[in-house]
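Step one of this worksheet: look at the structure below.
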DNA sequence: TAATTACTGTGTACGATAGACACAGTTCGA
DNA sequence: TCGAACTGTGTCTATCGTACACAGTAATTA
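Protein chains in written order, with the numbering used here: chain A, 1 to 230; chain B, 231 to 460.
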C-alpha cells in the first residue's frame with residue numbers, strides 16, 4: 001500500500017510542513033521544480049538528472065533527496081508546477097468555453113513539450129492538473145449531459161490536445177523538421193505501397209489544419225448529442 | 231544528416247542483406263525483437279535492457295549490437311514488430327470501416343501497453359505503422375473530404391485510441407487499480423475544491439463508456455462535415 | 001590446399017545514472 | 001547547556017548503454 005504513488009500523492013496534495021529545528025534549508029520544493037523545468041524546457045526531459053538539477057542550484061545531487069523521495073516524484077512535482085492554473089471560464093455557451101479551454105491547454109503543452117513524456121502512463125494527478133479537468137467538466141454544466149458523459153467529453157478533448165501537441169513537436173521547427181524530409185523520401189521510394197496516403201498528400205490544399213479540424217469535429221459531435229438531448 | 235533517425239529508417243525500411251562470409255549468425259532481427267517484446271509485455275518497457283534481452287536469447291548483450299545500432303533502434307524494431315498488420319478493410323460505408331479500424335487499433339494497444347511509451351515523441355514510422363495510417367485514409371475514400379482532411383481525421387481517431395488506451399492502463403486491472411482508490415480518497419478529502427467533478431462522479435450511471443462515447447462523438451462530427459459536403 | 005578477408009560473439013572498460021548510508025555541521029527547544 | 005532534529009556532503013554500489021580489441025569461423029581467392 002505504501003508505494004511510490006502514495007508518496008507522490010502526499011507530496012502533491014499535503015501541505016508542506018516546515019521543520020522546527022535544524023539548519024535553514026537552502027532550497028525549497030518550488031525552486032527545485034523550477035530548476036528541473038528549466039532543464040527540461042531547453043534540453044528535454046531526458047536531460048533532467050539529479051546531478052543536472054542539483055548543479056543548476058549549486059548543490060550536490062544528494063541534497064535533493066532531502067526534499068524529494070526520488071526522481072519520479074521530482075518529475076511529478078515538475079509537471080504540477082509547469083501546468084499553470086486553468087484559465088478563467090469565459091462567459092459563453094458550452095462550445096465557446098470548451099474551445100477556449102482546449103486552446104489554453106494546447107498552449108501549456110506548447111510551452112513545455114516534455115509534459116507529453118512526463119504525463120504518460122498511470123500516475124497521480126495533482127490539484128492543478130485536476131483543476132483543469134474540473135474546468136472542462138464544469139464547462140458542460142447545463143447541457144443535459146450526465147456526469148459520466150461530461151467526464152468522457154473532457155477526456156476526449158484532452159486526448160485530442162495531447163495528440164496534436166505530439167504531432168506538432170514532430171513536425172515543428174528545429175532539427176526535428178528533418179523527420180518530414182525523411183518521410184517524404186520514404187514516400188517517394190515506397191509510395192506505391194500506400195496509394196491512399198500518396199493521393200492524400202498530393203492534393204495538399206491548406207496544410208496543418210489538423211488541430212482546428214479535430215477540435216471542430218469533436219465539438220460538432222458533442223453538439224449532435226446535446227441537441228439530441230434537448 | 232546521418233543521425234539516429236536515418237539509422238532507424240534504414241533498419242525499418244531497407245531489406246535485410248545476408249552476410250556472404252563469416253560465421254552463421256546465431257540470431258536474427260526478428261528473434262531479438264520478439265524477445266524484447268516478451269520482456270516489455272510482461273514487465274513493461276522500462277524492464278527492456280540490452281542485458282535482459284540478451285539473456286533471454288542466451289547471448290551477451292554486446293552480441294545484439296551486431297544486429298542493432300543501439301537501444302533506440304531496437305525499440306523501434308520492437309514497435310514495428312508488435313504492431314501486427316492492419317485488418318482487412320470491411321465492406322461497409324466509411325463509418326463502419328473507421329469503426330472497425332479504431333477497434334482493431336485499440337486491441338493492439340491493449341495487447342502491448344508499452345507501445346504507448348515507445349511511440350511517444352518524434353520518431354520514424356515503419357512500413358507496418360504507416361500501413362495502418364494508409365488504411366484509415368483509404369477508409370474515407372469517396373466521402374468528398376480532401377486529402378488533408380482525410381489525414382486529419384485519421385490523426386484525430388488515432389489520438390482518441392491512444393488516449394483511451396492510456397486511460398485503460400491507469401484504471402485497468404492489476405496493481406494499478408489502486409490509483410483509483412487513491413483518487414477517490416483525494417476527492418473525499420479535497421472534493422470541495424472540485425464541485426463539478428464531485429457532482430459528475432456522484433451520478434455515475436453506467437461507467438467506463440469513455441471509449442464508445444468518444445468514438446461516437448468523433449464519427450458524428452465527421453458525419454456532419456461529410457453530409458455538409460454532399 | 002593455403003591464405004585472405006569478412007563477419008561472428010565475447011571480455012573488458014568507461015562514463016553516467018539513481019539511490020543507500022554514514023557523517024559532520026547547524027539550529028532550536030528543553 | 002545539552003541533546004534532538006535537521007541540514008548538505010562524500011563515499012559507495014548496482015545498473016545502464018556502448019566503445020573497442022580480440023579470437024574464432026566461414027566463404028572467397030590465390
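The C-beta atom is built at its ideal place from N, Cα and C for all residues, glycine as well.
These numbers come from a predicted model, not from an experiment.
Could you check the C-alpha separation between residue i and residue j for me, to the nearest Å?
i: residue 110 of chain A; j: residue 216 of chain A; result: 20 Å
i: residue 234 of chain B; j: residue 393 of chain B; result: 28 Å
i: residue 456 of chain B; j: residue 328 of chain B; result: 14 Å
i: residue 17 of chain A; j: residue 10 of chain A; result: 12 Å
i: residue 454 of chain B; j: residue 158 of chain A; result: 22 Å
i: residue 231 of chain B; j: residue 311 of chain B; result: Because residue 231 of chain B carries a pLDDT of 49, less than 50, the predicted location of this residue cannot be relied on, and no value is offered for it.
i: residue 95 of chain A; j: residue 318 of chain B; result: 37 Å
i: residue 439 of chain B; j: residue 70 of chain A; result: 36 Å
i: residue 126 of chain A; j: residue 193 of chain A; result: 46 Å
i: residue 6 of chain A; j: residue 409 of chain B; result: 9 Å
i: residue 22 of chain A; j: residue 72 of chain A; result: 27 Å
i: residue 337 of chain B; j: residue 79 of chain A; result: 30 Å
i: residue 433 of chain B; j: residue 211 of chain A; result: 32 Å
i: residue 222 of chain A; j: residue 129 of chain A; result: 23 Å
i: residue 184 of chain A; j: residue 230 of chain A; result: 48 Å
i: residue 141 of chain A; j: residue 92 of chain A; result: 12 Å
i: residue 314 of chain B; j: residue 258 of chain B; result: 19 Å
i: residue 189 of chain A; j: residue 195 of chain A; result: 12 Å
i: residue 51 of chain A; j: residue 117 of chain A; result: 20 Å
i: residue 191 of chain A; j: residue 143 of chain A; result: 46 Å
i: residue 238 of chain B; j: residue 26 of chain A; result: 45 Å
i: residue 20 of chain A; j: residue 401 of chain B; result: 40 Å
i: residue 330 of chain B; j: residue 214 of chain A; result: 20 Å
i: residue 320 of chain B; j: residue 173 of chain A; result: 39 Å
i: residue 47 of chain A; j: residue 277 of chain B; result: 20 Å
Looking at residue i: is its Cβ nearer than 9 Å to the Cβ of residue j?
i: residue 61 of chain A; j: residue 49 of chain A; result: yes
i: residue 399 of chain B; j: residue 148 of chain A; result: no
i: residue 262 of chain B; j: residue 242 of chain B; result: no
i: residue 307 of chain B; j: residue 298 of chain B; result: yes
i: residue 137 of chain A; j: residue 430 of chain B; result: yes
i: residue 334 of chain B; j: residue 316 of chain B; result: yes
i: residue 461 of chain B; j: residue 124 of chain A; result: Chain B is shown from 231 up to 460; residue 461 of chain B falls before or after that span and cannot be answered.
Judging by CA-CA distance, which residue of the options is the nearest neighbour of residue i?
i: residue 417 of chain B; options: A:131, A:209, A:158 and A:192; result: A:131
i: residue 365 of chain B; options: A:8, A:197 and A:29; result: A:197
i: residue 166 of chain A; options: B:386, B:337, B:395 and B:401; result: B:386
i: residue 119 of chain A; options: A:143, A:45 and A:29; result: A:45
i: residue 133 of chain A; options: A:144, A:172, A:213 and A:154; result: A:154
i: residue 369 of chain B; options: B:381, B:409 and B:359; result: B:381
i: residue 30 of chain A; options: A:200, A:20, A:15 and A:203; result: A:15
i: residue 343 of chain B; options: B:265, B:359 and B:270; result: B:270
i: residue 286 of chain B; options: B:304, B:305, B:296 and B:264; result: B:264
i: residue 228 of chain A; options: A:214, A:182, A:218 and A:145; result: A:145
i: residue 449 of chain B; options: B:391, B:421 and B:420; result: B:391
i: residue 254 of chain B; options: B:296, B:277, B:238 and B:284; result: B:296
i: residue 36 of chain A; options: A:54, A:19, A:214 and A:8; result: A:54
i: residue 345 of chain B; options: B:444, B:403 and B:268; result: B:268
Quick one: complete alpha helix (DSSP H) runs, 4+ long, within the region 126-212 of chain A? The qualifying runs are 127-139, 147-171, 178-190 and 195-202.
Chain B contacts made by the region 209-221 of chain A, where a contact means CB separation under 8 Å: Within the region 209-221 of chain A, the qualifying residues are 209, 210, 213, 214, 216, 217, 218, 219, 220 and 221.
Going along the region 399-414 of chain B in order, which residues come within less than 9 Å of chain A, judged by CB to CB distance? Correct list: 399, 400, 401, 402, 405, 406, 408, 409, 412 and 413.
Which whole runs of the alpha helix (DSSP H) in the region 321-361 of chain B are 4 residues long or more, in chain order? With a minimum length of 4 residues, the continuous alpha helix (DSSP H) runs that stay inside the region 321-361 of chain B are 324-341 and 345-348.
Of all the residues that make up the region 72-90 of chain A, which are near chain B by a beta-carbon distance shorter than 9 Å? Correct list: empty, as no residue qualifies.
I'd like the ranges of any alpha helix (DSSP H) spanning at least 4 consecutive residues and lying wholly in the region 4-82 of chain A. Qualifying alpha helix (DSSP H) stretches, in chain order: 4-13, 29-43, 50-57, 61-64 and 71-82.
Which residues, in order along the region 136-164 of chain A, keep a beta-carbon less than 8 Å from a beta-carbon of chain B? Residues passing the 8 Å Cβ filter: 137, 138, 141, 146, 147, 148, 149, 150, 151, 152, 153, 155, 156, 158, 159, 160, 162, 163 and 164.
Residues from the region 9-22 of chain A in contact with chain B, defined by Cβ distance under 8 Å: From the region 9-22 of chain A, only 9 and 13 have a Cβ closer than 8 Å to chain B.
Contact set between the region 23-56 of chain A and chain B, restricted to residues whose Cβ is under 8 Å from the partner: Hits within the stretch: zero.
Please identify, using Cβ separations under 8 Å, the residues of the region 112-131 of chain A that lie next to chain B, in order along the chain. When CB distances to chain B are screened at a threshold of 8 Å, the residues of the region 112-131 of chain A falling below it are 116, 117, 120, 121, 122, 123, 124, 125, 127, 130 and 131, in chain order.
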